[in-house]
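The structure under discussion appears below in the form of structure tokens.
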Amino acid sequence: MLRLTAIFHLLLFGTQLCISKQAKFDVVHESLVEFQLRHYHTITADAQILFHDAPEDLSDSIRLPLSPNPSYTIKTKRTTSHKPQSYEDYLYARSLSIQGEPYREIQWAEDDIIAPDVENRQTLLELAKMTNNAYLEPGEAGWYELSGEWNVSYPFGWEPDQDGFRGHVFATPDNSTVVLAIKGTSASFIGGGGPTSKKDKINDNLLFSCCCARIDWTWTTVCDCYRGGWKCDQSCLEKALIDDSLFYPIGTNLYNNITYMYPDSNIWIIGHSLGGALASLIGITFGAPAVTFESPGERMAAGRLHVLLPPSTQHVTHVYHTADPIAMGTCNGVLSSCALGGYAMESKCHLGKSIVYDTVSNLSWAVDIRTHTIGTVIEKLLTDPWAPSEDLGREVPEPVAEDDCVECYSWEFGDFPPTKKIQGDVMLNNRTSAFSNKCTRDF
């Protein structure tokens, strides 16, 4: 178990991929976890990285009462992770892969690391609460208190005009373990919204759609790789994901900055929805333990981003339930809730292993996008024991790999250069659908 005691605020805009090697670490086993604000972290619009030390006593500055000092535990276990022996070789091999060039297989180093015990319900519950808090500022309605005497922070990096990558970072008192919690999509049609909504939607539609968010002819695609019928230009699609303003390289750069600040620390990554998919991709890139909640399938995005997969991805765990159409990969089609909200959430397959709560069969839940929220996971799945698992002598459903998963099976991906007719059709569709997209898509 770990004693945790720190948090950062972060807000990122655009930045380049930057990777450094994480040092080997040792974690001292303790029993309780306590948190306090340590730093603020932000990246300015001109890509300057800023760190700001929090005042020692924020309660005096903000004049807000502090709660009592309860404690909670996060149970840990050792797991195997694989990291590139050389990140220079990793980056070179990935660049060759992006260019479509052959490359030699890189060497992976197997490491025995401390990770959260994902088969412990209380551990998942506390990680889910951290994930929920990535959407909020301390003291804001909906914030879960993770331990007592939470200091309430200034809204540094959370100004309404800032619209980038957000979250919180927690760390132990001895800095042995750091937890990066990444915010997911803020969508108004499921009770969210806010300044990050526009960039969230762009990332969702690029990462999780089969082909540039092409649902039907009324949609304006987010990239120009659709080639008519059910054909999509694969190289064009990969280039769009790598070139456009995606959160993945921002997340890898943030991870690099955290390892620079805490070179001897063990780093875990967690997130919900889009934030969960990003957590998985970053965790696979660096060999860091990752736990996600209600994440859309990220396997397809990993391939298109040319993320080199290690021999095993079992250090990544996805937690979701069967009534969530986004995590299950069923929120698709022109009349789906996702499409009506302007999202093409068509991916289905997850890397690593998945803990799936069968809420449809065991609780008679209807499939409903409103169950996608992290609050549903906390209050209805993790707060109380899960009876179907207890009957089997377990605390949570058994983690399993999604080995036989298939997605986007209707599409044909290949080398399909654009023709004048297709280009004309795309331009025409963009013009004719502009009004309908503004009315029903951009919210």
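The sequence shown maps to residues -20 to -1, 1 to 423 in mature numbering (1 follows the signal peptide of the UniProt record, and there is no 0). Quick reminder that beta carbons are idealized off the backbone N, C-alpha and C, glycines included. If you're wondering where the values come from, they're calculated on a predicted model, not measured in any experiment.
Spatial neighbours of residue i within its chain, please: C-beta separation below 7 Å, excluding the five flanking residues on both sides.
i    : result
I238 : V149, V158, L160, I247
L372 : none
K57  : A95, D97
V376 : E99, R101, L104, I335, W366, S369
Kindly indicate which three-state DSSP category residue i falls into: helix, strand or coil?
i    : result
K163 : coil
G355 : helix
F145 : strand
S156 : coil
K179 : helix
Y206 : strand
Y235 : helix
A259 : helix
F188 : coil
E382 : coil
I349 : helix
Y300 : strand
P64  : strand
I247 : strand
N131 : Below a pLDDT of 50, predicted positions are generally treated as unreliable, and N131, at 31, falls in that range; the measurement from the model is reported next regardless. N131: coil per DSSP, three-state reduction.
Grab me the residues of residue i's own chain with a C-beta within less than 6 Å of its C-beta, minus the 5 sequence neighbours each way, in chain order.
i    : result
A268 : I247, I249
V340 : T302, A303
K1   : In this prediction, K1 has a pLDDT of 39, which is less than 50 and means its spatial position is unreliable; what the coordinates show is noted afterwards. Counting only Cβ-Cβ distances below 6 Å, and skipping sequence neighbours, we find Y67.
V347 : A303, P305
Q102 : none
A281 : L187
In the DSSP assignment, find the alpha helix (DSSP H) that holds residue i and state where it starts and stops.
i    : result
D223 : 214 to 223
V340 : 339 to 343
P365 : Segment: none, P365 is in no alpha helix (DSSP H) and carries neither H nor E.
R284 : 279 to 284
R74  : 67 to 78
R101 : 101 to 113
With residue i and residue j assumed to form a contact (beta carbons below 8 Å), what rounded beta-carbon distance in angstroms separates them?
i    : j    : result
V296 : G263 : 5 Å
E99  : R374 : 7 Å
Y115 : K55  : With 8 Å as the limit, Y115 and K55 do not qualify as a contact, their Cβ atoms being about 25 Å apart.
S327 : G251 : At roughly 16 Å, the Cβ-Cβ gap does not stay under 8 Å, so S327 and G251 are not in contact.
M325 : D184 : 7 Å
N112 : I358 : 6 Å
Y240 : A151 : Not really, about 14 Å apart at Cβ, beyond 8 Å.
Within its chain, find whatever has a CB closer than 8 Å to the CB of residue i; leave out the 5 residues flanking it on each side and keep chain order.
i    : result
L217 : C191, C192, C203, C205, R284, F393
S215 : G80, D395
T60  : E90, D91, D92, I93, S292, Q294, H295
E362 : First, the residue type needs correcting, since residue 362 is Leu and not Glu in the sequence shown. Here the set comprises R101, L104, L105, A108.
C385 : G277, R279, K328, C329, H330
Name the two residues that bound the continuous beta strand (DSSP E) containing residue i.
i   : result
E90 : 88 to 96
Give a yes or no on contact between the segment 74 to 82 and the segment 105 to 113, applying the rule of three or more CB pairs nearer than 8 Å. The answer is no - the segment 105 to 113 does not touch the segment 74 to 82, with fewer than three Cβ pairs under 8 Å.
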